[in-house]
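Visitor: Protein chains in written order, with our numbering: chain V, 17 to 143; chain Z, 14 to 141. Even glycine gets a Cβ: it sits at the ideal position worked out from N, Cα and C. Pasting a structure here, questions to come.
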C-alpha cells in the first residue's frame, strides 16, 4: 500500500504587496491633505450653491453665541489679533453659524470694517 | 584547531514593526487632515478702506425678514427680487445693500444673496 506523501503547506501570502498599497495611501494622504488645527467652536456654515473655493486664509469663528473667536482668543481680543495680522496671510474667512441672526453677523462685519478690512469671505457649505 | 561555528542562516528583519508604524501614520493623516478647499462667498465691507466703489444711483436696499423680502420697503416675492432690482441697476457690479431684519438668520441672508448672484449682481454689502 502506498501512502501519498504529505502535502506541502501552501506558501504564506507575501506581505510586500500590502505594504506597497499602504505606502501608496500614506503618500497620497501626505500629498493631498493639509493639517488643520481643530476648530475652536462647532460652526455649521450656511448652505450656498454659489461658493468659490479658497485655499488659505485666517478663519474667524462666529458660533451660535455670536462671540468672535480666533486662535484661542475670543471677543475683542480676537478682533485685535485679527487687526494685527499680516495681510499676506490671505483673506479673512468668516466662519459664521447659519442659525445666527443676520443682525449679529452685520454687527460683526461692521466691527471688521472698522478694523480697516475691505472684504471678508463668508464661509459656506456647498448645497 | 577549534571547530568552525556552523554558518548561520541570516534572518531577514521582521517587517511587522514597520507595517505597524506605517499604519499608524496612515491613520493619523486620514484623521488629522482636511480635504478640499473651503467654499466661501466674498462679502465687501461697507466702510472698508479703499475697497469697492462708492455707492451711486437709486437706493437698492434689500431687507430680509422672517416673513419675506422687501426692496426699498416694498414687499417683493422671493423669485421676483432680481427682476425688481433690474431697473435700479446701472451696471451689474453696482452695490446692493442687504439688511437682515427681525428674525432673519444668516442662512436667509445667504439664500437671498445666492439668488442675486445667480442674476449676475456681484457687489452685495451687508449692513446693520
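I'd like to check one pair, residue 78 of chain Z with residue 116 of chain Z: are the Cβ atoms closer than 8 Å?
Guide: Cβ atoms of residue 116 of chain Z and residue 78 of chain Z: closer than 8 Å.
Visitor: Can you find a C-beta in chain Z that's less than 8 Å from the C-beta of residue 137 of chain V?
Guide: True, the Cβ-Cβ gap to chain Z drops below 8 Å.
Visitor: In terms of residue numbering, what span does the beta strand (DSSP E) encompassing residue 31 of chain V cover?
Guide: Segment: none, residue 31 of chain V is in no beta strand (DSSP E) and carries neither H nor E.
Visitor: Tell me which residue opens and which closes the beta strand (DSSP E) that residue 137 of chain V is part of.
Guide: Residues 135-142.
Visitor: Based on the DSSP secondary-structure assignment, which residues constitute the bridge partners of residue 112 of chain V?
Guide: V:78.
Visitor: Since I believe residue 67 of chain V is in contact with residue 52 of chain Z (beta carbons under 8 Å), could you give me their beta-carbon distance rounded to a whole number of angstroms?
Guide: Yes, they are in contact, since the Cβ atoms of residue 52 of chain Z and residue 67 of chain V sit about 3 Å apart, within 8 Å.
Visitor: Rounding to the nearest angstrom, what Cα-Cα distance links residue 134 of chain Z and residue 140 of chain V in this structure?
Guide: Roughly 18 Å between the two C-alpha positions.
Visitor: Using a beta-carbon distance below 8 Å, is residue 64 of chain Z in contact with chain V?
Guide: Bear in mind that the predicted position of residue 64 of chain Z carries a pLDDT of just 45, short of 50, making it unreliable; the figure below should be weighed with that in mind. So yes, residue 64 of chain Z belongs to the interface.
Visitor: Where does residue 51 of chain V land, buried or exposed, given buried means 16+ other C-beta within 10 angstroms?
Guide: It is exposed - the Cβ of residue 51 of chain V has fewer than 16 other Cβ atoms within 10 Å.
Visitor: For residue 45 of chain V, would you say it is in contact with chain Z, using Cβ-to-Cβ distances shorter than 8 Å as the test?
Guide: Closer than 8 Å: yes.
Visitor: Between residue 87 of chain V and residue 97 of chain V, which are expected to be in contact by the criterion C-beta below 8 Å, what is the C-beta distance as a whole number of angstroms?
Guide: Confirmed, Cβ separation roughly 6 Å.
Visitor: Taking the alpha-carbon positions, what's the residue 63 of chain V to residue 138 of chain V distance?
Guide: Answer to the nearest angstrom: the Cα atoms are 11 Å apart.
Visitor: Against chain V, which members of the region 43-61 of chain Z pass a CB distance test of less than 9 Å?
Guide: Here the close residues are 43, 45, 46, 47, 48, 49, 50, 51, 52, 53, 54, 55, 56, 57, 58, 59, 60 and 61.
Visitor: What ranges does the beta strand (DSSP E) occupy inside the region 21-64 of chain Z, keeping only unbroken runs of at least 3 residues that lie completely in it?
Guide: Complete beta strand (DSSP E) runs here, min 3: 51-57.
Visitor: In the DSSP output, what is residue 78 of chain Z paired with across the bridge?
Guide: According to DSSP, residue 78 of chain Z bridges with Z:81.
Visitor: When the distance is taken between beta carbons, is residue 78 of chain V closer than 8 Å to residue 124 of chain V?
Guide: In this structure, residue 78 of chain V lies closer than 8 Å to residue 124 of chain V by Cβ.
Visitor: Please classify residue 31 of chain Z: is it buried, with 16 or more other beta-carbons within 10 angstroms of its beta-carbon, or exposed?
Guide: The residue is exposed, with fewer than 16 neighbouring Cβ atoms inside 10 Å.
Visitor: Step through the CB atoms of chain Z and report whether any lies within less than 8 Å of the CB of residue 74 of chain V.
Guide: No - not a single Cβ of chain Z is within 8 Å of the one on residue 74 of chain V.
Visitor: For a quick check, are the C-beta atoms of residue 57 of chain V and residue 85 of chain V less than 8 Å apart?
Guide: In this structure, residue 85 of chain V lies closer than 8 Å to residue 57 of chain V by Cβ.
Visitor: Just verifying my parser: in three-state terms, what is the DSSP assignment at residue 63 of chain V?
Guide: Three-state result, residue 63 of chain V: strand.
Visitor: Does any CB atom of chain Z fall closer than 8 Å to the CB of residue 40 of chain V?
Guide: Not closer than 8 Å to any Cβ of chain Z, the Cβ of residue 40 of chain V fails to qualify, so no.
Visitor: For residue 113 of chain Z, go through chain V and note every residue whose CB falls closer than 8 Å to its CB, in chain order.
Guide: Simply 117, 118, 119, 121 and 122.
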